[in-house]
Amino acid sequence: MEEPALPIHIEEGIDVLTENKTMATKEKLQCLKDFHKDILKPSPGKSPGTRPEDEAEGKPPQREKWASKIDFLLSVAGGFIGLGNVWRFPYLCYKNGGGAFLIPYFIFLFGGGLPVFFLEVALGQYTSEGGITCWEKICPIFSGIGYASVVIVSLLNVYYIVILAWGLYYLFQSFSYTLPWAHCHQEWNTENCVEDTLRKNRTLWLSLNSTNFSSPVIEFWERNVLGLTSGIDEPGIIKWDLALCLFLVWVICFFCIWKGVKSTGKVVYITATFPFIMLFVLLIRGVTLPGAAEGIKFYLYPNITRLSDPIVWIDAGTQIFFSYAICLGAMTSLGSYNKYKYNCYRDCLLLGCLNSGTSFVSGFAIFSVLGFMAQEQGVDIADVAESGPGLAFIAYPKAVSMMPLPTFWAILFFVMLLLLGLDSQFVEVEGQITSLVDLYPSFLRKGYRREIFIAIICFLSYLLGLSMVTEGGMYVFQLFDYYAASGVCLLWVAFFECIAVAWVYGADNFYDAIEDMIGYRPGPWMKWSWIVITPILCVGCFIFSLVKYTPLTYNKDYIYPTWAIGLGWILALSSMICIPLVTVIRILQSDGSLLERVKTMAAPREITRWDKETEVAATFGPPGLANGELIKPSHVIVETTITKKGILGVYHSSQLSCIALSPDAEKSALERIDEATTTKHRRNTVEERKE
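So the sequence shown is residues 1 to 691, counted in full-length UniProt numbering.
Here is the structure:
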C-alpha cells in the first residue's frame, strides 16, 4: 500500500509546487480510492460497497462501480430499448405520415432526446449520486426534479410490469399444439365467434359482420385473459392466474437487481442481447411472407401533408422521451456507477443510434407481418394495424396463428416480448431504488438492509398492481398509462432539468465538468440544446398537448367517468407539483432575504464530495498524522478555489486535487518546507526581540 498523502499547508503565502497547480485545476482525483483500493473492496456476504470499517464507525459505504463498460452499455440499452420500440413507434410512423414522420422525430431526437439523455448520464457520473441527491448536490433549489422523477418511475413500475404478466400468461398458453386463440369453440367463446379463415371469403364475411360477429383472438384477450367488465366502476374479482404471473415477474425482477449493479450488469448479457436476435429472426420471417411488401409500403410511404397536424409533432416528442427513458432518474442512477473518467459522451451517442435504429427496424418486422395478415383476410392494412397492447396481444398473435408452425413463432414472439420488457422493468426499478437509497446511504447500505428495502418496494408495487389484474383491471391500467407517466409529465421534468443545468448551474460550468471527466469538450450542439432548443421544444409540445387534450376512452367507445378522469390528473400532478413545492420549501428553510435565499439554494454543493474524501483520508491516515508527526511526503494535496458564474450570481467552491511526487519533486518539497519553516522561525525570533 502506498503511503498516504501529506496535506501541505504553509503560512505567509508561500506557494508549494507552483508548477503543478495547472495540473491540479484540471484533474480532480479521488485520492483515497487510489491509495486504498484493497481496503475499499466490499466484504463477502454484504451489500455492495459495505465494509466492516464503515459499519463500525457509522460511515456511508463506498459506492460500487460497473465491473466493465459493457455492463453499463447493456444496462442502458436494455433500459430504454423496450416495448415502445416494437409496438408504439412503428404504429406512430404509419399513422402520422409514414416516412414524413421521421422529420419531427429526428428534430426531437437531436434537439431534445439525445441532449437530455446525455445530460442525465453525465450528471450521474459527475456527482456519483442517484436521481434525487444529484440535484441536491448540483442545484439544490431544483432538487424537486429528483423527487418528481422518482414519483413518475414509481408509478410506471407499478403498471408497466402488468404487461409482462400478460405476456407470461400468453407464453404459457403458447405451449400447445393448437394455439387457444386460433379457433372458436373454447369455453370462453360466444356464439358470435367467427374464425379468421372465414374472412378469406369476403362476401361471406361481410354478411356475417353485419350481425356483429367477433374474432377468436379478441374473445381470448377480452373474455379469457382480462375477463373484461363493462367499466372501471365494476372492478370484479382478481384474476388469480394473472396475479400469479404478476408475482412471478416481480420475483424475477427482484433477483435481477437485489445485489445492485453487480447482478444487474450480468443479467443484461441475456435480457439485452436475446431480444435483438429474436427480432432479427422475426424480421427475416416477416419479409419473406406474402403481402409483406404492401405492409412495409404502408409503414414508410410519406405523406407530407400530415406534418401540418400538431398531433404528429406531439407524438414525435412524447415518443422520444418515452423511448429514451429520460426524466425517470434511471439514466442518472446508471451513470452514477460509472468511473469518473469514463467517456460517457461517446457511448451516449452510440446508444442513441442503437435505440432509434431498433425502433426503425422493428417497423419492418411488425408491418411485414401485418401486411401478410391483411392479405390473408382480404382487408386493408388500416383494419389490422394496432398499437400498444392491441398489437402485442391481438394483431400479432392473430398473424402468428396464420403462419406455418404457429406454436414456434408464438413462443419466439412472447419470449422476445418478455425480455424486452423485463430489462426495462428492472432497470427502472434499479433507478428507483438507487435514488431512494442514496437519500439514506448510512442506513440502507448496511448489511442486508438494501436487499430488504428492495423486497419491500417490490412487494408494495405488487400489491398496487393487483388492482390491474382484476376483471376491470384493464381500465385501471389505461388510466395509469394515460396520466401517471404521460408525455406531459416527462416534458415538464425535462424543461426544468435544462433550466437547472444550463441556466442556474451554468452550461459552461457543466461543460467544464464534462471536460474534466472525458478529457475534451463536446461540440456546441449539446450546450445550445440545453440552453435554448430543448426548453423551447418542451414548452411547445407541452402547450400543444394541453390544447389538444382529449379525455381518456377505451376502445374508442367506453368513456371514463368524471371521477376517474380526476384521479388520472391527480396521478399526473403528483409528480409535476414536486418541483415547485420543493423549491418553495428549500427557500423557506434558508436564511436571509429572498434574493439571498435564492442565491444560496442555487449554489452547488460540490464541496460535500471533497469533504467526504478528506474525512476518509484522515480516518485511514497513519497514526503519526493524528499525533502531529511529520512523515515523508509521497503526494501533495492542493486545494483549489474555483469561481463559477451562474444566472443568479457568482459563487465559489473548493476542490482537493492529488499530485504524485517524483523523487526530485519530493526532495524539492522537503527542502522548501524546511526553508519555509526556517524563515518563519527567524521572523518570529526577530519579532520577539523587538518586543
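Idealized CB from N, CA, C, for every residue including glycine.
Beta-carbon gap between residue i and residue j smaller than 8 Å
i	j	result
V86	S362	yes
L398	S215	The sequence shown places Lys at residue 398, not Leu. Yes. Within cutoff.
G167	G421	yes
Y549	K527	no
Q432	Y160	no
V150	L405	no
V287	F360	no
Y94	F298	yes
G295	F372	yes
P101	I320	Residue identity check: residue 101 is Phe in the sequence provided, not Pro. No, the Cβ-Cβ distance between F101 and I320 is not below 8 Å.
V268	D423	yes
G97	N303	yes
K266	R605	no
D315	L92	yes
Y462	F247	yes
P235	T470	yes
L300	G78	no
V493	A572	no
L419	F255	no
Exposed unless 16 or more other CB atoms sit within 10 angstroms - verdict on residue i
i	result
N627	Summary for N627: the model assigns pLDDT 38, below 50, so the residue's position carries little reliability; its value from the coordinates is reported in the next sentence. Counting Cβ neighbours within 10 Å, N627 comes out exposed, since fewer than 16 surround it.
F542	buried
L74	buried
P90	buried
C253	buried
E430	buried
T127	buried
F443	exposed
W66	buried
S68	exposed
F408	exposed
E615	Residue placement at E615 is flagged as unreliable, the pLDDT there being 37, under the threshold of 50; a coordinate-derived value is accordingly withheld.
V427	buried
G568	buried
F220	buried
T332	buried
P290	exposed
F280	exposed
I456	exposed
T264	buried
Q375	buried
A72	Reading off the sequence shown, one finds Phe at residue 72, where the question assumed Ala. F72 comes out buried.
G146	buried
Q589	exposed
I585	exposed
P524	exposed
L491	buried
I394	buried
Cβ distance (whole Å) where residue i is taken to contact residue j below 8 Å
i	j	result
F80	S323	6 Å
C498	P535	5 Å
C344	A122	6 Å
G111	L537	5 Å
T583	G130	Not quite, the Cβ-Cβ distance comes to about 20 Å (not below 8 Å), so this is no contact.
Y340	Q125	7 Å
I257	I132	No, I257 and I132 are not in contact; Cβ-Cβ is about 18 Å, not under 8 Å.
V598	I141	7 Å
M416	V162	Not quite, the Cβ-Cβ distance comes to about 18 Å (not below 8 Å), so this is no contact.
K262	E64	7 Å
A148	C458	Actually they are not in contact, since the Cβ atoms of A148 and C458 sit about 22 Å apart, beyond 8 Å.
A165	L242	6 Å
Contact the region 575-593 vs the region 502-512: 3+ CB pairs below 8 Å: Taking a cut-off of 8 Å on C-beta distances, the region 575-593 does not touch the region 502-512, as fewer than three cross pairs fall below it.
Ranges of the alpha helix (DSSP H) found wholly within the region 465-501, counting only runs of at least 4: Within the region 465-501, the complete alpha helix (DSSP H) runs of at least 4 residues are 473-479 and 487-498.
Three or more C-beta pairs below 8 Å linking the region 341-350 and the region 107-118: The region 341-350 makes contact with the region 107-118; the number of CB pairs closer than 8 Å reaches 3 or more.
Runs of beta strand (DSSP E) wholly within the region 69-100 (minimum 3 residues, chain order): Inside the region 69-100, DSSP marks no whole beta strand (DSSP E) run of 3 or more residues.
Segment contact flag, the region 460-475 with the region 222-241, C-beta cutoff 8 Å, min 3 pairs: Yes, since at least three Cβ pairs between the region 460-475 and the region 222-241 fall closer than 8 Å, the two stretches touch.
4-residue-minimum alpha helix (DSSP H) runs that sit fully inside the region 283-338, ordered along the chain: Taking 4 residues as the minimum length, the alpha helix (DSSP H) runs contained wholly in the region 283-338 are 292-300, 310-323 and 330-335, in order along the chain.
Those runs of the alpha helix (DSSP H) which lie wholly inside the region 215-246 and span at least 4 residues: Qualifying alpha helix (DSSP H) stretches, in chain order: 216-219.
Three CB pairs or more closer than 8 Å across the region 480-493 and the region 150-160: Segments in contact, yes.
Segment contact flag, the region 374-389 with the region 554-561, C-beta cutoff 8 Å, min 3 pairs: No: fewer than three Cβ pairs fall under 8 Å.
Completely contained beta strand (DSSP E) runs for the region 367-395, where each covers 3 or more residues: Counting whole runs of 3 or more residues, the region 367-395 contains no beta strand (DSSP E) stretch at all.
Sequence ranges, alpha helix (DSSP H) only - wholly within the region 398-445, length at least 4: Inside the region 398-445, DSSP marks whole alpha helix (DSSP H) runs of 4 or more residues at positions 406-437 and 441-444, from first to last along the chain.
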